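Student: According to the numbering used here, the sequence shown is numbered sequentially starting from 2.
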Amino acid sequence: MEYDFSEDIAKIWPALLFIGAFIAVVGGLLFVLDILPRWGKGKERLQMLGFLGPALVLLGVGLLYPLVRTVTLSFYNNSRGSFVGLDNYSWIVTNDDTLIMLRNTLFWVVCVPLLATAFGLIYAVLVDKARGEGIAKSLIFMPMAISLVGATIIWKFIYAFREADQEQIGLLNQILVWFGMEPQQFLTSSPSNTFYMIVMMIWIQAGFAMVILSAAIKAIPAEIVEAAKLDGANPWQMFWKVTMPSIRPAVVVVTITITIATLKVFDIVRTSTNGNFKSSVLAFEMYNQAFRLSDDPSGEGRGAALAVVLFLLVVPVVAYQVRQLRKRAEIR
């Protein structure tokens with residue numbers, strides 16, 4: 002009996018096609034960057050084109066096309082549906098559930114950047130030049146090394162609830178029982194459940210803020226610190242008159258970075274409550290409408306509209322951060 006290779010070829014031909022395309026792209030880059038410039042003038046331009054060309058193509062395919070496609074889809078009820086104009090956007094600002102979602106998102110964006118940056122700054126000041134500084138910083142930064150899903154699972158054990166007549170496995174409820182109080186369902190009571198999830202994000206992001214701000218504090222010129230001490234400045238005055246003005250650019254960068262991460266928060270809500278109990282946020286609702294409710298006639302369109310809203314919220318924050326970085330570059 003002869004062996005038929007046709008079935009195996011049908012399975013592996015996509016891989017062979019990918020390998021061939023990869024070889025062609027790499028060969029083309031080598032040709033443009035190394036061989037072609039030797040043939041004539043304009044070497045710098047050809048090299049620039051060689052370096053930027055693939056990146057621009059990938060940006061167009063991976064960013065620009067999906068952006069245009071998403072914006073277009075936001076005006077339809079789904080990818081194969083009819084044009085509905087601004088109905089999807091009207092649904093965002095008129096539906097009771099989405100209004101609660103927007104309220105939760107606003108709460109996240111206000112609380113997480115401010116509190117995470119504040120705690121990070123406190124940590125940075127307290128552990129600066131202290132004994133065991135390296136160990137303390139490692140422990141504070143450790144939550145950043147854990148995935149958001151893993152960190153959320155840890156906190157779910159802390160918030161775990163059991164009936165009063167059962168043994169508690171959640172740390173907070175066990176503390177409540179020790180003080181003679183009833184155990185609470187922290188993640189199912191709205192709107193307090195949003196606050197308890199925000200605590201998770203602050204716990205994670207405070208370590209990031211501490212590392213950046215600690216580096217900024219150590220970069221303050223020693224001459225400025227010594228001059229302030231000679232002028233008789235106390236620790237409080239040193240903090241507000243010397244430390245804060247010197248690290249202000251770092252504080253701005255940290256706050257903006259955490260703001261962007263907070264606007265895109267998804268994992269914590271998905272793992273904690275799955276968006277139930279009035280705890281949904283913008284990024285989770287976008288996923289929920291576009292994928293979990295894709296069978297809904299308007300699910301894809303509403304998910305696209307939410308994605309556009311998220312994009313419009315992130316862009317001004319990113320633009321402000323770029324402007325601040327340019328100002329710092331001009332000063333230098």
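Even for Gly, the Cβ is constructed at its ideal location relative to N, Cα and C.
On a predicted model such as this, the values are computed, not experimentally measured, just so you know.
(1) Between which two residues does the alpha helix (DSSP H) harbouring V85 extend?
(2) I'd like to check one pair, I269 with T118: are the Cβ atoms closer than 8 Å?
(3) Just reading off the alpha helix (DSSP H) that R249 is part of, what are its end residues?
(4) Below 7 Å, is the gap between the Cβ of F187 and the nearest heavy atom of the ligand FMN?
(5) Three-state secondary structure (DSSP) at F6?
(6) Contact check, V243 vs A229 under 8 Å by CB: the rounded distance?
(7) For G300, which of T272, F120, D88 and Q175 has the nearest alpha-carbon?
(8) For Y160, which three-state DSSP category applies?
(9) Here's the rule: buried if 16 or more other CB atoms are within 10 angstroms of the residue's CB, otherwise exposed. What is P192?
(10) Looking at I93 and L311, is the spacing between their C-beta atoms short of 8 Å?
(11) If I'm right that Q185 touches N174 with Cβ under 8 Å, what's the distance once you round it to whole angstroms?
(12) Which residues in the same chain have their Cβ closer than 6 Å to the Cβ of Q206, if we skip the five residues on either side of it in sequence?
(13) Would you mind working out which of M198, W237, A234 and V212 sits nearest L149, comparing C-alpha positions?
(14) Please name the residue in V255, G304, P246 and I159 whose C-alpha comes closest to that of P222.
(15) What's the gap between the Cα of V85 and the Cα of L314?
(16) Looking only at C-alpha atoms, which of F142, T106, Q169 and F180 sits nearest to F196?
(17) Looking at S75 and G276, is the spacing between their C-beta atoms short of 8 Å?
(18) Counting only runs that start and end within the stretch 126-190, where is the alpha helix (DSSP H) found for 4 or more residues in a row?
(19) Thinking C-beta only, is Q169 closer than 8 Å to V254?
(20) Do the stretch 128-146 and the stretch 281-292 make contact, defined as three or more Cβ pairs closer than 8 Å?
(21) Answer with buried or exposed for Y321, where buried requires no fewer than 16 other C-beta atoms within 10 angstroms of its C-beta.
(22) Given this structure, state the Cα-to-Cα distance separating V126 from Y77, to the nearest angstrom.
(23) Going along the chain, which residues of its own chain have a beta-carbon closer than 7 Å to the beta-carbon of P114, five neighbours each way excluded?
(24) Can you give the Cα-Cα distance for Y90 and A291, rounded to whole angstroms?
Tutor: Put simply:
(1) From DSSP, V85 is part of no alpha helix (DSSP H); its letter is neither H nor E.
(2) no
(3) M245 to L264
(4) Ligands are entirely absent from the displayed structure, and the ligand FMN is therefore not among its contents.
(5) Note that F6 scores 45 on pLDDT, short of 50, meaning its location in the model is unreliable; the coordinates nonetheless yield the value given after this. Three-state DSSP puts F6 in coil, outside helix and strand.
(6) 5 Å
(7) D88
(8) coil
(9) exposed
(10) no
(11) 7 Å
(12) A117 and I259
(13) M198
(14) P246
(15) 23 Å
(16) T106
(17) no
(18) 134-142, 149-159 and 172-179
(19) no
(20) no
(21) exposed
(22) 52 Å
(23) T256, I259, T260 and T263
(24) 14 Å
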